[in-house]
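Position 122 of the sequence shown, counted from 1, bears residue number 122 in full-length UniProt numbering, the numbering being contiguous throughout. Idealized CB from N, CA, C, for every residue including glycine.
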Amino acid sequence: MSDFIAHSTTRPLFGQLAIVTGASRGIGRSIALALGRAGAHVVVNYRSSREAAEQVVEEIRANGSRSYAVQADVTDPAQVEALMTAATGFGIPRILVNNAGIASARLLLDTTLEEWEQLIKSNLTAPFLCTKAVLPHMLRARYGRIINISSIWGITGGSYEVAYSATKGGILAFTKALAKELAPSGITVNAVAPGAIETDMLNRLSAEDRQALAGETPVGRLGRPEDVAHAVLFLASPAASYMTGQVISPNGGLVT
(Lines of atoms letter the chains of each structure in order from A and count residues from 1; the text may use other names and numbers.)
(Lines give C-alpha, C1' and ligand atoms only; values in the text may rest on other atoms or scores of the structure.)
Protein backbone atom coordinates (compact mmCIF):
# COMPACT_ATOMS: atom_id res chain seq x y z
CA MET A 1 0.00 0.00 0.00
CA SER A 2 2.82 2.41 0.86
CA ASP A 3 4.39 1.83 -2.58
CA PHE A 4 1.06 2.62 -4.24
CA ILE A 5 0.69 5.86 -2.26
CA ALA A 6 4.22 6.91 -3.16
CA HIS A 7 3.61 6.24 -6.85
CA SER A 8 0.24 8.03 -6.84
CA THR A 9 1.87 11.26 -5.67
CA THR A 10 5.15 11.20 -7.59
CA ARG A 11 3.85 9.34 -10.65
CA PRO A 12 0.15 10.25 -10.85
CA LEU A 13 -0.52 8.09 -13.92
CA PHE A 14 1.18 5.00 -12.48
CA GLY A 15 0.09 1.87 -14.33
CA GLN A 16 -2.35 3.57 -16.71
CA LEU A 17 -2.12 2.70 -20.39
CA ALA A 18 -1.84 5.70 -22.72
CA ILE A 19 -1.98 5.77 -26.50
CA VAL A 20 -0.32 8.71 -28.25
CA THR A 21 -0.72 9.00 -32.01
CA GLY A 22 2.07 10.52 -34.07
CA ALA A 23 4.46 10.07 -31.16
CA SER A 24 7.79 9.47 -32.89
CA ARG A 25 8.82 13.13 -33.01
CA GLY A 26 7.92 16.71 -32.16
CA ILE A 27 5.00 17.39 -29.86
CA GLY A 28 3.88 13.76 -29.83
CA ARG A 29 7.31 12.62 -28.69
CA SER A 30 7.33 15.08 -25.79
CA ILE A 31 3.82 14.04 -24.78
CA ALA A 32 4.75 10.35 -24.77
CA LEU A 33 7.86 11.01 -22.68
CA ALA A 34 5.94 13.17 -20.19
CA LEU A 35 3.25 10.53 -19.72
CA GLY A 36 5.92 7.89 -19.23
CA ARG A 37 7.68 9.96 -16.58
CA ALA A 38 4.32 10.28 -14.81
CA GLY A 39 4.12 6.49 -14.61
CA ALA A 40 1.91 5.67 -17.59
CA HIS A 41 2.62 2.75 -19.87
CA VAL A 42 2.76 4.33 -23.32
CA VAL A 43 1.84 3.02 -26.76
CA VAL A 44 3.97 5.07 -29.14
CA ASN A 45 2.14 5.19 -32.46
CA TYR A 46 4.02 6.08 -35.61
CA ARG A 47 3.33 5.93 -39.33
CA SER A 48 6.76 5.55 -40.91
CA SER A 49 9.54 6.62 -38.50
CA ARG A 50 10.15 3.28 -36.81
CA GLU A 51 13.67 4.08 -35.60
CA ALA A 52 12.55 7.36 -34.03
CA ALA A 53 9.59 5.63 -32.36
CA GLU A 54 11.84 2.94 -30.92
CA GLN A 55 14.09 5.65 -29.46
CA VAL A 56 11.07 7.16 -27.69
CA VAL A 57 10.17 3.71 -26.35
CA GLU A 58 13.69 3.21 -25.01
CA GLU A 59 13.63 6.58 -23.24
CA ILE A 60 10.31 5.79 -21.59
CA ARG A 61 11.53 2.37 -20.47
CA ALA A 62 14.70 3.93 -19.08
CA ASN A 63 12.47 5.99 -16.77
CA GLY A 64 10.80 2.88 -15.39
CA SER A 65 7.59 2.68 -17.42
CA ARG A 66 6.56 0.17 -20.04
CA SER A 67 6.33 1.31 -23.64
CA TYR A 68 5.59 -0.20 -27.02
CA ALA A 69 5.94 1.13 -30.58
CA VAL A 70 2.98 0.33 -32.83
CA GLN A 71 2.90 1.28 -36.51
CA ALA A 72 -0.39 2.49 -37.97
CA ASP A 73 -1.64 5.10 -40.38
CA VAL A 74 -4.43 6.50 -38.24
CA THR A 75 -6.35 7.78 -41.26
CA ASP A 76 -6.99 4.14 -42.25
CA PRO A 77 -9.86 2.44 -40.37
CA ALA A 78 -8.34 -1.04 -40.66
CA GLN A 79 -4.99 0.13 -39.34
CA VAL A 80 -6.66 1.95 -36.45
CA GLU A 81 -8.43 -1.27 -35.48
CA ALA A 82 -5.09 -3.08 -35.62
CA LEU A 83 -3.54 -0.36 -33.44
CA MET A 84 -6.26 -0.78 -30.83
CA THR A 85 -5.98 -4.56 -30.93
CA ALA A 86 -2.26 -4.27 -30.27
CA ALA A 87 -2.75 -1.65 -27.55
CA THR A 88 -5.37 -3.65 -25.66
CA GLY A 89 -2.95 -6.55 -25.61
CA PHE A 90 -0.93 -4.42 -23.17
CA GLY A 91 -3.88 -3.42 -20.96
CA ILE A 92 -7.02 -1.31 -20.85
CA PRO A 93 -6.50 2.08 -22.52
CA ARG A 94 -7.15 4.87 -20.01
CA ILE A 95 -5.68 7.79 -21.96
CA LEU A 96 -5.87 8.64 -25.66
CA VAL A 97 -3.96 11.59 -27.11
CA ASN A 98 -5.00 12.37 -30.67
CA ASN A 99 -1.85 14.15 -31.75
CA ALA A 100 -1.11 12.95 -35.29
CA GLY A 101 -1.87 15.54 -37.95
CA ILE A 102 -0.55 17.59 -40.82
CA ALA A 103 -0.29 21.29 -41.64
CA SER A 104 -0.52 23.32 -44.82
CA ALA A 105 0.13 27.02 -45.43
CA ARG A 106 -1.30 28.45 -48.63
CA LEU A 107 -4.03 30.76 -49.88
CA LEU A 108 -7.48 29.22 -50.20
CA LEU A 109 -7.42 29.91 -53.95
CA ASP A 110 -4.24 27.84 -54.20
CA THR A 111 -5.61 24.96 -52.11
CA THR A 112 -6.65 21.96 -54.17
CA LEU A 113 -9.57 19.71 -53.31
CA GLU A 114 -7.09 16.89 -52.75
CA GLU A 115 -5.15 18.99 -50.20
CA TRP A 116 -8.40 20.00 -48.47
CA GLU A 117 -9.55 16.41 -48.20
CA GLN A 118 -6.16 15.23 -46.94
CA LEU A 119 -6.20 17.83 -44.15
CA ILE A 120 -9.68 16.73 -43.12
CA LYS A 121 -8.64 13.08 -43.24
CA SER A 122 -5.53 13.62 -41.10
CA ASN A 123 -6.80 16.24 -38.66
CA LEU A 124 -10.46 15.25 -38.21
CA THR A 125 -11.11 11.74 -39.49
CA ALA A 126 -8.10 10.24 -37.70
CA PRO A 127 -9.18 11.48 -34.24
CA PHE A 128 -12.72 10.29 -35.01
CA LEU A 129 -11.47 6.81 -35.89
CA CYS A 130 -9.12 6.50 -32.90
CA THR A 131 -11.68 7.81 -30.45
CA LYS A 132 -14.40 5.52 -31.75
CA ALA A 133 -12.05 2.54 -31.52
CA VAL A 134 -10.96 3.23 -27.93
CA LEU A 135 -14.37 4.19 -26.55
CA PRO A 136 -15.78 0.68 -25.91
CA HIS A 137 -12.86 -0.02 -23.56
CA MET A 138 -13.25 3.29 -21.71
CA LEU A 139 -17.01 2.90 -21.46
CA ARG A 140 -16.66 -0.55 -19.90
CA ALA A 141 -14.16 0.86 -17.41
CA ARG A 142 -16.30 3.99 -16.88
CA TYR A 143 -13.08 5.98 -17.00
CA GLY A 144 -11.05 7.69 -19.66
CA ARG A 145 -9.10 10.75 -20.67
CA ILE A 146 -9.29 11.84 -24.31
CA ILE A 147 -7.07 14.76 -25.27
CA ASN A 148 -7.13 16.24 -28.75
CA ILE A 149 -4.28 18.37 -30.09
CA SER A 150 -5.63 21.36 -32.00
CA SER A 151 -3.94 24.71 -32.72
CA ILE A 152 -4.33 28.36 -31.84
CA TRP A 153 -5.44 28.78 -35.46
CA GLY A 154 -8.40 26.58 -34.62
CA ILE A 155 -9.47 29.32 -32.21
CA THR A 156 -8.52 32.49 -34.09
CA GLY A 157 -8.09 31.39 -37.69
CA GLY A 158 -4.78 31.75 -39.49
CA SER A 159 -4.19 33.79 -42.62
CA TYR A 160 -2.86 31.60 -45.45
CA GLU A 161 -3.98 28.58 -43.42
CA VAL A 162 -7.73 28.52 -44.01
CA ALA A 163 -8.00 24.79 -44.63
CA TYR A 164 -5.74 23.91 -41.70
CA SER A 165 -7.61 26.34 -39.41
CA ALA A 166 -10.93 24.80 -40.42
CA THR A 167 -9.81 21.31 -39.43
CA LYS A 168 -8.32 22.49 -36.15
CA GLY A 169 -11.48 24.43 -35.35
CA GLY A 170 -13.46 21.32 -36.19
CA ILE A 171 -11.57 19.24 -33.64
CA LEU A 172 -12.46 21.82 -30.98
CA ALA A 173 -16.17 21.43 -31.78
CA PHE A 174 -15.69 17.65 -31.76
CA THR A 175 -14.08 17.95 -28.32
CA LYS A 176 -16.84 20.06 -26.80
CA ALA A 177 -19.70 17.97 -28.17
CA LEU A 178 -18.13 14.63 -27.24
CA ALA A 179 -17.35 15.90 -23.74
CA LYS A 180 -21.07 16.39 -23.12
CA GLU A 181 -21.87 12.98 -24.54
CA LEU A 182 -19.33 11.10 -22.42
CA ALA A 183 -19.36 13.01 -19.13
CA PRO A 184 -21.98 10.73 -17.50
CA SER A 185 -19.71 7.76 -18.26
CA GLY A 186 -16.70 9.10 -16.36
CA ILE A 187 -14.76 10.05 -19.50
CA THR A 188 -13.36 13.54 -19.97
CA VAL A 189 -12.61 15.05 -23.37
CA ASN A 190 -10.42 18.14 -23.63
CA ALA A 191 -8.19 19.84 -26.18
CA VAL A 192 -4.84 21.59 -26.26
CA ALA A 193 -4.44 24.38 -28.82
CA PRO A 194 -0.75 25.30 -29.01
CA GLY A 195 0.64 28.53 -30.36
CA ALA A 196 3.88 28.67 -32.34
CA ILE A 197 5.91 25.63 -31.25
CA GLU A 198 9.43 24.73 -32.35
CA THR A 199 8.82 21.58 -34.38
CA ASP A 200 9.66 20.29 -37.85
CA MET A 201 6.50 21.98 -39.13
CA LEU A 202 7.63 25.39 -37.90
CA ASN A 203 11.19 24.80 -39.05
CA ARG A 204 9.93 24.95 -42.63
CA LEU A 205 9.81 28.72 -42.12
CA SER A 206 12.90 30.80 -42.69
CA ALA A 207 15.04 31.83 -39.73
CA GLU A 208 13.85 35.40 -40.23
CA ASP A 209 10.19 34.37 -40.14
CA ARG A 210 10.70 32.28 -36.99
CA GLN A 211 12.48 35.19 -35.32
CA ALA A 212 9.64 37.53 -36.28
CA LEU A 213 7.08 35.09 -34.90
CA ALA A 214 8.98 34.86 -31.62
CA GLY A 215 9.06 38.65 -31.48
CA GLU A 216 5.28 38.80 -31.90
CA THR A 217 4.83 36.44 -28.95
CA PRO A 218 4.55 38.41 -25.68
CA VAL A 219 6.83 36.05 -23.73
CA GLY A 220 9.50 36.67 -26.36
CA ARG A 221 10.15 33.13 -27.52
CA LEU A 222 8.65 30.30 -29.49
CA GLY A 223 7.04 27.48 -27.57
CA ARG A 224 8.73 24.16 -26.99
CA PRO A 225 7.11 20.74 -27.39
CA GLU A 226 7.45 20.33 -23.62
CA ASP A 227 5.12 23.30 -23.10
CA VAL A 228 2.37 21.35 -24.85
CA ALA A 229 3.24 18.12 -23.05
CA HIS A 230 2.80 19.80 -19.67
CA ALA A 231 -0.76 20.81 -20.58
CA VAL A 232 -1.56 17.29 -21.78
CA LEU A 233 -0.10 15.78 -18.62
CA PHE A 234 -2.36 17.97 -16.49
CA LEU A 235 -5.48 17.02 -18.48
CA ALA A 236 -4.58 13.34 -18.19
CA SER A 237 -4.05 13.55 -14.44
CA PRO A 238 -6.49 13.19 -11.53
CA ALA A 239 -6.10 16.95 -10.96
CA ALA A 240 -8.23 17.57 -14.07
CA SER A 241 -11.10 15.25 -13.13
CA TYR A 242 -13.60 18.16 -13.08
CA MET A 243 -12.48 19.54 -16.44
CA THR A 244 -14.15 18.42 -19.64
CA GLY A 245 -14.99 20.14 -22.90
CA GLN A 246 -12.22 22.65 -22.27
CA VAL A 247 -9.45 24.08 -24.45
CA ILE A 248 -6.04 24.92 -22.99
CA SER A 249 -3.88 27.07 -25.26
CA PRO A 250 -0.16 27.23 -24.38
CA ASN A 251 0.68 30.14 -26.69
CA GLY A 252 2.97 32.54 -24.83
CA GLY A 253 0.28 35.22 -24.84
CA LEU A 254 -0.07 35.20 -28.63
CA VAL A 255 -3.62 36.40 -29.30
CA THR A 256 -4.55 37.47 -32.81
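Next item on the list: Just the C-alpha distance for residue 187 and residue 222, rounded to the nearest angstrom, thanks.
Entry: 33 Å
Notebook entry, point to check: Would you call the CB atoms of residue 22 and residue 148 closer than 7 Å?
Noted result: no
Check: Start and end of the alpha helix (DSSP H) containing residue 259?
Finding: With the chain covering 1 to 256 only, the question about residue 259 has no answer from this structure.
Checklist line | residue 139 - partner residues in DSSP beta bridges | finding: Residue 139 pairs with nothing; no bridge assigned.
Item checked: Pick from 132, 110, 172, 83 that is closest to residue 161, judged by C-alpha positions -> 110
Checklist line | Cβ neighbours of residue 120 in the same chain (closer than 7 Å, five flanking residues each side left out) | finding: 167
Note to self: By DSSP's criteria, residue 144 is part of a beta bridge. Which residues make up the other side?
What the structure shows: 187
Next item on the list: Could you check the C-alpha separation between residue 217 and residue 251 for me, to the nearest Å?
Entry: 8 Å
Note to self: At 4 residues or longer, what runs of the alpha helix (DSSP H) sit wholly inside the stretch 173-255?
What the structure shows: 207-216, 225-236
Next item on the list: On a CA-only basis, which of 59, 15, 91, 83 is nearest residue 31? Give me that one, please.
Entry: 59
Note to self: Could you compute how far the alpha carbon of residue 54 sits from the alpha carbon of residue 146?
What the structure shows: 24 Å
Check: Is the stretch 112-119 in contact with the stretch 132-147, if contact means three or more CB pairs nearer than 8 Å?
Finding: no
Note to self: Below 8 Å, how does it come out for the stretch 37-45 and the stretch 198-215: are there three or more Cβ pairs, yes or no?
What the structure shows: no
Margin query: In the DSSP output, what is residue 45 paired with across the bridge?
Written below: 70
Checklist line | Whether residue 42 touches residue 24 by CB criterion (7 Å) | finding: no
Next item on the list: Please report how far the alpha carbon of residue 220 lies from the alpha carbon of residue 171, in whole angstroms.
Entry: 28 Å
Check: In terms of residue numbering, what span does the alpha helix (DSSP H) encompassing residue 17 cover?
Finding: Not the alpha helix (DSSP H): residue 17 falls in the beta strand (DSSP E), residues 17-20.
Next item on the list: Can you give me the Cβ contacts of residue 74 inside the same chain, cut-off strictly under 6 Å, excluding the 5 residues immediately before and after it?
Entry: 21, 80, 100, 126, 130
Next item on the list: With a threshold of 16 other CB atoms inside 10 Å of the CB of residue 45, please say whether the residue is buried or exposed.
Entry: buried
Checklist line | Contact belief for residue 199 with residue 26 at Cβ below 8 Å, rounded distance in angstroms | finding: 4 Å
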